[in-house]
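Protein chains in written order, with this note's numbering: chain A, 155 to 419; chain B, 98 to 356. Here a beta-carbon is modelled for each residue, glycine too, at the ideal position from N, C-alpha and C. Notes follow the structure.
Structure representation (structure tokens):
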């Protein structure tokens, strides 16, 4: 494994009994980079994050995190690896019975024996980084969608992880919040020297700040490259996706019988 | 015809699979229990939610159950001229049966549903996944404290139920109907055996505590992460717990009466 390679996916296949999701995926994530995984809804983008986090096991191939094969680890090994990771869930997944402060303090309390004073300072620093120090006593139900996402981001980076994973960080956000989150992803990544893996289908935002992009379609990596390379790409799938065309290699219609036949004409 | 058997077979297989999954959860809870005992404050918090907050419904129900027992008991006993035995009747009925059983049914309805809905919603909103990704086991942090809280709470609630029920019976029998107070208490004292009645009632309430709590936890943990899934799981908690309590009560009673 190359020295600056932190996550590597090799010949990965995954599927459920009735549906094959990934056929053969190969990806590399280098330290310090912001890498996006893009593709249509249901193409298995989030599943890749769950495979990296060891929540599910591949049917063949493997995911290597920091030189260790994830699915070969026992419970203890997986938990060790996860301590190097932070994950931002699509809707934040904040603990609804804990305040903003306690949510961010949660991983620190669980994994360290730091004194209450140091925990307080750390949490306020993390919340300050996402601009929500003043909201530390609010409950998750009192936050807007964008604020909840920022608190979840503060929680994800609470223990300064090496890898930060984002599951649809822009979904359902207004343009201002979206800009804030974009900015934070880049700033936090660079400040922590971490590697960010972003699963998304928002082309404009992602192309503006990602270092490298993978496109997934039909269970394989359909295209990859820097944003500028992909903008120029002549591959039909990439063109359809980047230029938001309704029809193309990804059909508008779900597979169906003949239309006239269905209407009995 | 074949599809009929397929359906029956499928239903039985799914029940067995769920029973297996619940058993796995049970052993997983046991294996994580040392972790959760180290932070016993989490269990104490759950004892407050499942126990202390259930007190109102337990106390009020127990008082009424005791009063009804007093009325009904007196009505029947006086026909045989033994209305002084009303104290024994109320106490035995409560300590042996009604205390553990009615408490367990109320517990399933009040605390069990709350546990299922809470864990089901935590799953639906990815809070359990988030915890897993933070290298914190949801079984150790969320499930095990609720399990032990249920087991500790149930016998305590059942004892309170029996005690308040006896007071309810007393209120009806002595001040209202006019049964002799001395006879009421002395007959009760003479005829309620500690080992045979009270310990057996205690054993029942511990078993019901395990059954109700594990059912509520499993239903929540296994609920499909949707609004409909959580609502169905909550309903199943009440139905399965109630049937389990009544079935187990019969089994336990038959063992206890033969030993």
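Original post:
When DSSP labels each residue in this structure, what does residue 225 of chain A get in the three-state scheme?
Top reply: Here residue 225 of chain A refers to the residue found at position 71 when the first chain is read from its first residue. Helix at residue 225 of chain A.
Subject >> Whole-angstrom C-beta distance between residue 336 of chain A and residue 369 of chain A, which should lie under 8 Å >> reply: For this step, residue 369 of chain A is matched to residue 215 along the first chain. For this step, residue 336 of chain A is matched to residue 182 along the first chain. The Cβ separation is near 19 Å, so there is no contact.
Original post:
By DSSP, does residue 180 of chain A sit in helix, in strand, or in coil?
Top reply: Locating residue 180 of chain A in the first chain gives position 26, where the first residue counts as 1. Residue 180 of chain A falls in the strand class under three-state DSSP.
**OP:** Check the Cβ-Cβ distances between residue 239 of chain A and every residue of chain B, and say whether any is below 8 Å.
**Re:** Your numbering for residue 239 of chain A matches position 85 in the first chain. So yes, residue 239 of chain A belongs to the interface.
Subject >> the stretch 112 to 123 of chain B in contact with the stretch 274 to 286 of chain B per 3-pair CB rule at 8 Å >> reply: no
Subject >> Those runs of the alpha helix (DSSP H) which lie wholly inside the stretch 328 to 414 of chain A and span at least 4 residues >> reply: 329 to 346, 357 to 363, 381 to 386 and 390 to 396
Original post:
Any beta-carbon of chain A closer than 8 Å to the one on residue 327 of chain B?
Top reply: Translated into the one-based positions of the second chain, residue 327 of chain B becomes position 230. So, not an interface residue.
Subject >> residue 222 of chain B: contacting residues in chain A (beta-carbon distance under 8 Å) >> reply: Stepping through the second chain from its first residue, residue 222 of chain B is reached at position 125. In chain order: 245, 247 and 250.
Original post:
Looking at C-alpha atoms only, which residue of B/192, B/305, B/293 and B/333 is the closest neighbour of residue 353 of chain B?
Top reply: Counting from one through the second chain, the residue named residue 353 of chain B turns up at place 256. Residue 353 of chain B has its Cα closest to that of B/293, out of B/192, B/305, B/293 and B/333.
Original post:
How should residue 210 of chain A be labelled, buried or exposed, when 16 other C-beta atoms within 10 angstroms of its C-beta is the threshold for buried?
Top reply: Locating residue 210 of chain A in the first chain gives position 56, where the first residue counts as 1. Looking at its Cβ environment, which holds fewer than 16 other Cβ atoms inside 10 Å, residue 210 of chain A is exposed.
**OP:** Could you name the residues of the same chain whose beta carbon sits closer than 8 Å to that of residue 161 of chain B, not counting the 5 residues immediately before and after it, in chain order?
**Re:** Position 64 of the second chain holds residue 161 of chain B. Cβ neighbours of residue 161 of chain B beyond the five flanking positions: 265.
**OP:** Rounded to whole angstroms, what's the CA-CA distance from residue 339 of chain A to residue 397 of chain A? Just pull it up for me.
**Re:** Looking up residue 339 of chain A in the first chain gives position 185. Looking up residue 397 of chain A in the first chain gives position 243. Going by the C-alpha atoms only, they are around 24 Å apart.
**OP:** Return the chain-ordered list of same chain residues with a C-beta closer than 6 Å to the C-beta of residue 301 of chain B, the five sequence neighbours on each side being excluded.
**Re:** Translated into the one-based positions of the second chain, residue 301 of chain B becomes position 204. Excluding positions up to five away in sequence, the list reads 197 and 349.
**OP:** Would you mind reading off the limits of the alpha helix (DSSP H) that contains residue 319 of chain B?
**Re:** Your numbering for residue 319 of chain B matches position 222 in the second chain. Start and end: 297 to 319.
Subject >> At least 3 beta-carbon pairs within less than 8 Å: the stretch 349 to 360 of chain A vs the stretch 181 to 193 of chain A >> reply: yes
**OP:** Tell me where the alpha helix (DSSP H) around residue 338 of chain B begins and ends.
**Re:** Within the second chain, numbered from 1, the residue matching residue 338 of chain B stands at position 241. It spans 324 to 355 - the alpha helix (DSSP H) in which residue 338 of chain B sits, taken as one unbroken run.
Subject >> 7 Å Cβ cut-off: residues of chain A touching residue 133 of chain B >> reply: One-based indexing of the second chain puts residue 133 of chain B at position 36. What residue 133 of chain B touches in chain A: nothing, since even the nearest Cβ is about 13 Å away.
Original post:
Roughly how many whole angstroms lie between the Cα atoms of residue 328 of chain B and residue 249 of chain A?
Top reply: Residue 328 of chain B sits at position 231 when you count from the first residue of the second chain. Residue 249 of chain A sits at position 95 when you count from the first residue of the first chain. Going from the Cα of residue 328 of chain B to the Cα of residue 249 of chain A covers about 20 Å.
Subject >> From A/255, A/375, A/263 and A/270, residue whose alpha carbon lies closest to that of residue 307 of chain A >> reply: Stepping through the first chain from its first residue, residue 307 of chain A is reached at position 153. Checked all of A/255, A/375, A/263 and A/270; the closest Cα to residue 307 of chain A is A/255.
Original post:
Is the CB of residue 233 of chain B under 8 Å away from at least one CB in chain A?
Top reply: Translated into the one-based positions of the second chain, residue 233 of chain B becomes position 136. Yes, residue 233 of chain B lies at the interface with chain A (some Cβ there is under 8 Å from its Cβ).
**OP:** Determine the closest residue to residue 322 of chain A out of A/202, A/236, A/316 and A/292, with distance taken between C-alpha atoms.
**Re:** Counting from one through the first chain, the residue named residue 322 of chain A turns up at place 168. Considering only alpha carbons, the answer is A/202.
**OP:** Work out the CA separation of residue 120 of chain B and residue 330 of chain B for me, nearest whole Å.
**Re:** Position 233 of the second chain holds residue 330 of chain B. Position 23 of the second chain holds residue 120 of chain B. Spanning the two alpha carbons is a distance of roughly 17 Å.
Original post:
Can you tell which of A/246, A/286 and A/262 has its C-alpha closest to the C-alpha of residue 299 of chain A?
Top reply: As a working note, residue 299 of chain A is residue 145 in the first chain. Comparing alpha-carbon positions, the option among A/246, A/286 and A/262 lying closest to residue 299 of chain A turns out to be A/246.
Subject >> Backbone secondary structure at residue 218 of chain A - three-state DSSP >> reply: In the first chain, counting from the first residue as 1, residue 218 of chain A sits at position 64. Reduced to three states, the DSSP call for residue 218 of chain A is strand.
Original post:
What number of angstroms, rounded off, separates the C-alpha of residue 284 of chain A from the C-alpha of residue 263 of chain A?
Top reply: The sequence position of residue 284 of chain A within the first chain is 130, counting from 1. The sequence position of residue 263 of chain A within the first chain is 109, counting from 1. Between residue 284 of chain A and residue 263 of chain A, the C-alpha separation is close to 20 Å.
Original post:
What separation, rounded to the nearest whole angstrom, lies between the Cα atoms of residue 317 of chain A and residue 238 of chain A?
Top reply: Start at 1 with the first residue of the first chain, and residue 317 of chain A comes out as number 163. Start at 1 with the first residue of the first chain, and residue 238 of chain A comes out as number 84. Whole-angstrom Cα-Cα distance: 6 Å.
**OP:** Quick one: which residues of the stretch 201 to 231 of chain A get their C-beta closer than 7 Å to a C-beta of chain B? List them in chain order.
**Re:** 207 and 209
**OP:** Would you mind stating whether residue 129 of chain B and residue 270 of chain B have Cβ atoms separated by less than 8 Å?
**Re:** As a working mapping, residue 129 of chain B is identified with position 32 in the second chain. As a working mapping, residue 270 of chain B is identified with position 173 in the second chain. Contact: no.
Original post:
When burial is assigned at 16 or more other CB atoms within 10 Å of the CB, is residue 266 of chain A buried or exposed?
Top reply: Here residue 266 of chain A refers to the residue found at position 112 of the first chain. So residue 266 of chain A ends up on the exposed side.
**OP:** Give me whichever residues DSSP pairs with residue 134 of chain B in a beta bridge.
**Re:** Reading the second chain from its first residue, position 37 is the one you call residue 134 of chain B. Partner(s): none; residue 134 of chain B has no beta bridge.
Original post:
Between residue 376 of chain A and the rest of its own chain, which residues show a CB-CB distance below 6 Å, the 5 nearest in sequence each way excluded?
Top reply: Here the question's residue 376 of chain A lines up with position 222 in the first chain. Cβ neighbours of residue 376 of chain A beyond the five flanking positions: 369 and 391.
**OP:** Mind reading off the beta-carbon distance from residue 182 of chain A to residue 165 of chain A? Whole number of angstroms is fine, and I expect it under 8 Å.
**Re:** As a first step, residue 182 of chain A must be located in the first chain, where it is residue number 28. As a first step, residue 165 of chain A must be located in the first chain, where it is residue number 11. Not really, about 13 Å apart at Cβ, beyond 8 Å.
Original post:
What residues in its chain sit with their C-beta under 6 Å from that of residue 186 of chain B, if we drop five residues either side in the sequence?
Top reply: One-based indexing of the second chain puts residue 186 of chain B at position 89. Here the set comprises 170.
**OP:** Spell out whether any CB of chain B is found under 8 Å from the CB atom of residue 233 of chain A.
**Re:** Position 79 of the first chain, counted from the start, is the residue given in the question as residue 233 of chain A. The Cβ of residue 233 of chain A sits closer than 8 Å to at least one Cβ of chain B.
**OP:** Going by DSSP, name the residue or residues bridged to residue 110 of chain B.
**Re:** The residue you call residue 110 of chain B lines up with position 13 of the second chain. Bridge partners of residue 110 of chain B: none, in fact.
Original post:
Just the Cα atoms here: how many angstroms apart are residue 176 of chain B and residue 151 of chain B?
Top reply: Position 79 of the second chain holds residue 176 of chain B. Position 54 of the second chain holds residue 151 of chain B. C-alpha separation (whole angstroms): 38 Å.
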